[in-house]
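Position 211 of the sequence shown, counting from 1, maps to 215 under the working numbering, and the rest follow consecutively. By construction, the Cβ of each residue, glycine as well, lies at the ideal position given by its N, Cα and C atoms. If you're wondering where the values come from, they're calculated on a predicted model, not measured in any experiment. Written below as structure tokens is the structure these notes are about.
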Amino acid sequence: MTNLYPAITNRSSTPLAVSRMLFQVHGDQASILDLQMQLSTGKRFQKASEDLASAIKVLAAQRQQEFRQQTEINLRSADDILSASETSLAQAQTILNEVRATAVEAAGNTISDDQRTALLHHVDGALRRLTDLANTRFGDQYIFAGSAVKENPLRLAGNAVQFTANHEQLDTITDYGSTLAANVTANEAFGVKSSQIVGTVDLDPSVELDTPLSHLNRGVGIRAGAIRLSSGIESVEVDVTGSHTVGDVIQKINSLNLGGRQIQVTLNANSLDVDYADGLGGLLRVEEVGSGATAGDLGINNVATSQNSPVVGSDLNPIMTLTTRLSQLFSGSGLPTGESLRITQSGVNYVVNTNGLNTVEDLLNRMERTGARIETSIDPSGRFITVQSTESGSQLSIGENGGNLATMLGLRSMAEDTLVSSLNFGNGIELNDQAGQPDIVLTRNDGTQLRIDLNGVQTIGDVMDRINNNASNFNPATRISASLATTGNGIQLSSTGGAQPITVSNAGGSSAAIGLGWTDKDISTATGVTSGASSVIAGRDIATVKVDGVFSSLIQLRQAINDGDSEAVKSVWQSMEQDLDRLAIARGLVGTRQQSIESRIQKSEDEQIRLREIESQNLDADLASVISELTHRQAALQASIQLMGQTARMTLFDYL
Numbered sequence: 005m006t007n008l009y010p011a012i013t014n015r016s017s018t019p020l021a022v023s024r025m026l027f028q029v030h031g032d033q034a035s036i037l038d039l040q041m042q043l044s045t046g047k048r049f050q051k052a053s054e055d056l057a058s059a060i061k062v063l064a065a066q067r068q069q070e071f072r073q074q075t076e077i078n079l080r081s082a083d084d085i086l087s088a089s090e091t092s093l094a095q096a097q098t099i100l101n102e103v104r105a106t107a108v109e110a111a112g113n114t115i116s117d118d119q120r121t122a123l124l125h126h127v128d129g130a131l132r133r134l135t136d137l138a139n140t141r142f143g144d145q146y147i148f149a150g151s152a153v154k155e156n157p158l159r160l161a162g163n164a165v166q167f168t169a170n171h172e173q174l175d176t177i178t179d180y181g182s183t184l185a186a187n188v189t190a191n192e193a194f195g196v197k198s199s200q201i202v203g204t205v206d207l208d209p210s211v212e213l214d215t216p217l218s219h220l221n222r223g224v225g226i227r228a229g230a231i232r233l234s235s236g237i238e239s240v241e242v243d244v245t246g247s248h249t250v251g252d253v254i255q256k257i258n259s260l261n262l263g264g265r266q267i268q269v270t271l272n273a274n275s276l277d278v279d280y281a282d283g284l285g286g287l288l289r290v291e292e293v294g295s296g297a298t299a300g301d302l303g304i305n306n307v308a309t310s311q312n313s314p315v316v317g318s319d320l321n322p323i324m325t326l327t328t329r330l331s332q333l334f335s336g337s338g339l340p341t342g343e344s345l346r347i348t349q350s351g352v353n354y355v356v357n358t359n360g361l362n363t364v365e366d367l368l369n370r371m372e373r374t375g376a377r378i379e380t381s382i383d384p385s386g387r388f389i390t391v392q393s394t395e396s397g398s399q400l401s402i403g404e405n406g407g408n409l410a411t412m413l414g415l416r417s418m419a420e421d422t423l424v425s426s427l428n429f430g431n432g433i434e435l436n437d438q439a440g441q442p443d444i445v446l447t448r449n450d451g452t453q454l455r456i457d458l459n460g461v462q463t464i465g466d467v468m469d470r471i472n473n474n475a476s477n478f479n480p481a482t483r484i485s486a487s488l489a490t491t492g493n494g495i496q497l498s499s500t501g502g503a504q505p506i507t508v509s510n511a512g513g514s515s516a517a518i519g520l521g522w523t524d525k526d527i528s529t530a531t532g533v534t535s536g537a538s539s540v541i542a543g544r545d546i547a548t549v550k551v552d553g554v555f556s557s558l559i560q561l562r563q564a565i566n567d568g569d570s571e572a573v574k575s576v577w578q579s580m581e582q583d584l585d586r587l588a589i590a591r592g593l594v595g596t597r598q599q600s601i602e603s604r605i606q607k608s609e610d611e612q613i614r615l616r617e618i619e620s621q622n623l624d625a626d627l628a629s630v631i632s633e634l635t636h637r638q639a640a641l642q643a644s645i646q647l648m649g650q651t652a653r654m655t656l657f658d659y660l
């Protein structure tokens, strides 16, 4: 409130009297203007400086209201996208149920050619409609394309459906530090990615000077702190906090001088060694400082050992990243140049060689750019490479191309350690029910037979061992050898040439020869082909992977109907049950997210009401109080003006 000058006294000079009266009038006018502004705007103050404490509260409330309003817009937009997804998924479920009914009809053995043609047209139509649904757009974005909302996610390509987008969640901010997926990916809804071909070999990169500390210990990193080095007489501490790479740590430790002797750290392939630079040996203890764990994380804590130099560090287990150099793999041995592997998809072979590659990312990019519809990545543990097919309706495998690169990387889809139970898309092989009875019969080049019992085999290596190490299979002239194909995949049976080619067939009730890829379903015996001086039976690839999803099921159903294979139709009918379950789960996921959105919108609205109350309490004017104050101020101004007028009329005669 404006200060009031004292009333004019008889002994005041005229200028002072005028100044006092003007100050009072101006103060009243300023107060009236402020009160009128409060009445017109409804706000107690117009500038933060007028009430700093309240202004801070108001600005914070307004800022939070803006955030809440934006998150509410985000949530309503996400709800719209999910509603569109629900509509598309419901239609897809209806179409798939109709196709299942078609599959039941096709499973019969008495359908005519006209009926078969009609069924094929029905399946083709369903395939196109489902592809269109998977390519549904809402606004300006494809709702099943992951975060690549501008890309058409699926494309019909002959007898296959190719996925061209990504599988990322389209996250929207819903609160401070909280997001919610506003979409269902194509893989979650329709199944557009195959199971992974996960490398079986730890690529074990070496530690380099530029290796980030965060990559050590399987990606856990180190707990930064201080370490103590002691000679038993003297000790010195070094704090590695602030170090980013292994080289930074080495540099700090190498700067130490212990009892007049320089400390030296040597970087090995996977560990650090600590020693005296003069190489004369002696007691050297490396330990923690206080409750720290830095020395242990660096693998050089030797308190539990004899503590004599040198201190030999333990494996630091760095993870592999996209920028890891290929020369670092296999503990620094590196990946050889000039090697190659073969990717087979849809009957097409794609060769990947290592020429000109520098990093793991280069290798993955080259694999993806061969033309095969695959996705490559590093597995979460940072130890293996993974490969997945993104083409429904085809089969994917990785084999050798005359060398051993696929095996070296652990990516060969049909290797010696491949489980028999995983063959033929997880169906394994069917063996003889009677234990101890042969499952396959091999006929040697002299006409004699070699009977093999495969009961108890776990891996492809076990199968080959049963043949190669059979007690009656050691005669060099008639020996039949089993090995993996040097190009591509498959188990190859070979023998030296003789009076007749070698053969393989099932024995008893077994179908192992079919399951192991030597004979076809309708052929009981496979006969060797002469190759130079050898008789060879080349097995087919039985360890391929495929996309298990809606589109694969429809493509397989179309093929089964066209071939008149009722057993295959029944198998597809069962897989379609899983596809329906996947769609149901996706719809449930959509419903769950929409419920979450509804509750968050309600929470946001409640929060905005509370924030508006806080804003009102600190900013809004009390109109009744303002009007009362304005009335008083106007009266005071009137009094000041009257006093000013009376004073201006006073003369010397008023004091006589």
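Going by DSSP, what residue range makes up the beta strand (DSSP E) through glycine 294? Taking the first residue of the sequence shown as position 1, residue 294 is located at position 290. Looking at the DSSP string, glycine 294 is not in any beta strand (DSSP E), and its letter there is neither H nor E.
When you compare only the Cα positions, how much space is there between isoleucine 378 and leucine 368? On the sequence shown, position 374 is the one that residue 378 refers to. On the sequence shown, position 364 is the one that residue 368 refers to. Taking C-alpha positions only, isoleucine 378 is separated from leucine 368 by approximately 10 Å.
With leucine 435 and serine 528 assumed to form a contact (beta carbons below 8 Å), what rounded beta-carbon distance in angstroms separates them? As a working mapping, residue 435 is identified with position 431 in the sequence shown. As a working mapping, residue 528 is identified with position 524 in the sequence shown. Cβ-Cβ separation between leucine 435 and serine 528: approximately 17 Å, too far for a contact (criterion under 8 Å).
Starting from glycine 465, follow the alpha helix (DSSP H) in both directions and report where the run begins and ends. The residue labelled residue 465 in the question sits at position 461 within the sequence shown. DSSP places glycine 465 in the uninterrupted alpha helix (DSSP H) bounded by 464 to 472.
With the cut-off set at 8 Å, would you say glycine 519 and aspartate 545 are in Cβ contact? Taking the sequence shown and counting its residues from 1, the one referred to as residue 519 is at position 515. Taking the sequence shown and counting its residues from 1, the one referred to as residue 545 is at position 541. The Cβ-Cβ distance between glycine 519 and aspartate 545 does not fall below 8 Å.
Could you tell me which residues DSSP pairs with phenylalanine 71 in its beta bridges? Indexing the sequence shown from 1 puts residue 71 at position 67. Beta-bridge annotation (DSSP): phenylalanine 71 is not paired with any residue.
For asparagine 357 and alanine 107, the rounded distance between their alpha carbons: Translated into positions along the sequence shown, residue 107 becomes position 103. Translated into positions along the sequence shown, residue 357 becomes position 353. A straight line joining the alpha-carbon of alanine 107 with that of asparagine 357 spans about 43 Å.
Return the CA-CA distance between proline 209 and leucine 233, expressed in angstroms with no decimal places. Position 205 of the sequence shown, counted from the first residue, corresponds to residue 209. Position 229 of the sequence shown, counted from the first residue, corresponds to residue 233. Approximately 29 Å between the Cα atoms of the pair.
Own chain, CB closer than 8 Å to leucine 63, minus 5 neighbours either side, in chain order: Taking the sequence shown and counting its residues from 1, the one referred to as residue 63 is at position 59. Result list for leucine 63: Ala52, in chain order.
Quick one: what's got a C-beta closer than 6 Å to glutamine 441's C-beta in the same chain, skipping five residues either side? Within the sequence shown, numbered from 1, the residue matching residue 441 stands at position 437. The answer, listed in chain order, is Gly512.
May I ask which residues mark the beginning and end of the beta strand (DSSP E) holding asparagine 510? Along the sequence shown, read from residue 1 onward, the residue named residue 510 stands at position 506. 507 to 510 is the extent of the beta strand (DSSP E) around asparagine 510.
Can you tell me whether aspartate 117 sits near the ligand FMN, meaning its C-beta is under 7 Å from at least one heavy atom of the ligand? Absence of the ligand FMN is noted for the structure shown, with no ligands found whatsoever.
Examine the Cβ distances between the region 214 to 223 and the region 424 to 432 and report whether three or more of them are shorter than 8 Å. The region 214 to 223 vs the region 424 to 432: no contact.
Reduced DSSP secondary structure (H/G/I, E/B, other) of leucine 79: Reading the sequence shown from its first residue, position 75 is the one you call residue 79. Leucine 79: helix per DSSP, three-state reduction.
Excluding the 5 residues flanking alanine 59 on each side, which residues of the same chain have their C-beta closer than 6 Å to its C-beta? For the purposes of this step, residue 59 is taken as residue 55 along the sequence shown, with counting starting at 1. So the qualifying residues of the chain are Ala52.
For the region 523 to 569, list the alpha helix (DSSP H) runs that are entirely contained and at least 4 residues long, ordered along the chain. Entirely contained in the region 523 to 569, the alpha helix (DSSP H) runs reaching 4 residues are, in chain order, 554 to 567.
Please confirm whether phenylalanine 555 and phenylalanine 194 have their CB atoms less than 8 Å apart. Translated into positions along the sequence shown, residue 555 becomes position 551. Translated into positions along the sequence shown, residue 194 becomes position 190. Yes.
Would glycine 229 and threonine 298 qualify as a contact pair, given that the criterion is a beta-carbon distance under 8 Å? Taking the first residue of the sequence shown as 1, we reach residue 229 at position 225. Taking the first residue of the sequence shown as 1, we reach residue 298 at position 294. Yes.
List the whole-angstrom C-beta distance separating alanine 122 from glutamate 102, where the pair is believed to meet the contact cut-off of C-beta under 8 Å. The count along the sequence shown starts at 1 and reaches residue 122 at position 118. The count along the sequence shown starts at 1 and reaches residue 102 at position 98. No, alanine 122 and glutamate 102 are not in contact; Cβ-Cβ is about 13 Å, not under 8 Å.
Measure the alpha-carbon distance for proline 480 versus isoleucine 444 and round it to whole angstroms. Within the sequence shown, numbered from 1, the residue matching residue 480 stands at position 476. Within the sequence shown, numbered from 1, the residue matching residue 444 stands at position 440. Distance between the alpha carbons of proline 480 and isoleucine 444: 21 Å.
Assess contact between the region 197 to 208 and the region 392 to 410, defined as three or more Cβ pairs (one per stretch) separated by less than 8 Å. Is contact present? Yes, the region 197 to 208 is in contact with the region 392 to 410.
Which of helix, strand or coil does DSSP assign to glutamine 50? For this step, residue 50 is matched to residue 46 along the sequence shown. In the three-state reduction of the DSSP assignment, glutamine 50 falls in the coil class, being assigned neither a helical nor a strand state.
Please classify valine 533 as buried or exposed, where buried requires at least 16 neighbouring CB atoms within 10 angstroms. Numbered from its first residue, the sequence shown carries residue 533 at position 529. Valine 533 sits exposed, since fewer than 16 C-beta atoms from the chains shown fall within 10 Å of its C-beta.
What does a CB cutoff of less than 6 Å around serine 417 pick up in its chain, not counting 5 residues either side in sequence? The sequence position of residue 417 within the sequence shown is 413, counting from 1. Excluding five sequence positions before and after serine 417, the CB atoms of its chain that fall closer than 6 Å to its own CB belong to Ile201, Ser401, Ile402 and Ala547, given in chain order.
Can you give me the C-alpha to C-alpha distance between lysine 256 and valine 242, rounded to a whole angstrom? In the sequence shown, the residue the question calls residue 256 occupies position 252. In the sequence shown, the residue the question calls residue 242 occupies position 238. If you take the alpha carbons of lysine 256 and valine 242, they lie about 7 Å apart.
Check whether the Cβ atoms of glutamate 395 and alanine 564 sit closer than 8 Å, and answer yes or no. The residue given as residue 395 occupies position 391 in the sequence shown. The residue given as residue 564 occupies position 560 in the sequence shown. Against a cut-off of 8 Å, the Cβ pair of alanine 564 and glutamate 395 comes out as no contact.
For glutamine 606, three-class secondary structure by DSSP: Here residue 606 is taken as the residue at index 602 of the sequence shown, counted from 1. When DSSP states are grouped into helix, strand and coil, glutamine 606 belongs to the helix group.
Tell me, please, which residues DSSP counts as bridged to phenylalanine 334. The residue labelled residue 334 in the question sits at position 330 within the sequence shown. DSSP lists no partner for phenylalanine 334.
CA nearest to the CA of histidine 171, picked from Val127, Asn156 and Asn191: Residue numbering aside, residue 171 sits at position 167 when the sequence shown is read from its first letter. Nearest option by C-alpha distance: Asn191.
Quick check: the Cα distance between aspartate 277 and proline 340, rounded to an integer number of angstroms? Sequence index remark: in the sequence shown, residue 277 carries index 273 (1-based). Sequence index remark: in the sequence shown, residue 340 carries index 336 (1-based). Taking the straight line joining both Cα atoms gives about 28 Å.
Quick check on the burial criterion: 16 or more other C-beta atoms within 10 angstroms. Buried or exposed for phenylalanine 478? Working through the sequence shown from its first residue, we reach residue 478 at position 474. With fewer than 16 Cβ atoms within 10 Å of its Cβ, phenylalanine 478 is classed as exposed.
So glutamate 619 packs on arginine 72, CB below 8 Å; how close in whole Å? Sequence index remark: in the sequence shown, residue 619 carries index 615 (1-based). Sequence index remark: in the sequence shown, residue 72 carries index 68 (1-based). About 12 Å; that fails the 8 Å criterion.
Helix, strand or coil: how does DSSP classify proline 209 here? Counted from its first residue, the sequence shown places residue 209 at position 205. Residue state, collapsed to three classes: coil.
Within the same chain, show all residues whose beta-carbon is closer than 8 Å to that of threonine 374, passing over the 5 residues directly before and after it, in chain order. As a working mapping, residue 374 is identified with position 370 in the sequence shown. These residues qualify, in order along the chain: Ile347, Tyr354, Val355 and Val356.
For leucine 615, which of Gln69, Ser535 and Asn449 has the nearest alpha-carbon? Residue 615 sits at position 611 when you count from the first residue of the sequence shown. Per the Cα distances, Gln69.
Does the structure place the region 561 to 578 close enough to the region 453 to 461 that three or more beta carbon pairs sit under 8 Å? Flag = no, the region 453 to 461 and the region 561 to 578 do not touch.
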